[in-house]
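Student: Residue numbers (my numbering): 269 to 357. We put the CB at the ideal spot given by N, CA and C, even for glycine.
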């Protein structure tokens, strides 16, 4: 199932590498390494997951890849909201 695959690449991989205190899941105080996809892979036919596109990749809370040619203000606001969420006490 998609949840097993995602867990294998995220929290389980971080655990095996003894990095689960800093990465592997979205929690306050952890590194903000994540991707934004063009669809919810947990609610679609698993046969169509291969058609999923990565829209944005964050590393340490910073955009390192964007499918958009011009990131512009929309991405800047989204990045600011992500930082606020991750640093919320």
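Less than 7 Å between the C-beta atoms of residue 333 and residue 300, yes or no?
Tutor: Result no, Cβ atoms of residue 333 and residue 300 do not sit closer than 7 Å.
Student: Could you tell me the boundaries of the beta strand (DSSP E) in which residue 303 lies?
Tutor: Counting along the chain, the beta strand (DSSP E) containing residue 303 begins and ends at 302-305.
Student: With distances taken between CB atoms, is the gap from residue 282 to residue 272 smaller than 7 Å?
Tutor: It is not a contact, given that the beta carbons lie outside the stated cut-off.
Student: Suppose you measure from the CA of residue 331 to the CA of residue 309; what does that come to, to the nearest Å?
Tutor: Near 21 Å, if we compare the C-alpha coordinates of residue 309 and residue 331.
Student: Residue 352 to residue 302, Cα distance in whole Å?
Tutor: Spanning the two alpha carbons is a distance of roughly 15 Å.
Student: What is the rounded straight-line gap between the Cα of residue 313 and the Cα of residue 304?
Tutor: Those two C-alpha atoms are separated by around 18 Å.
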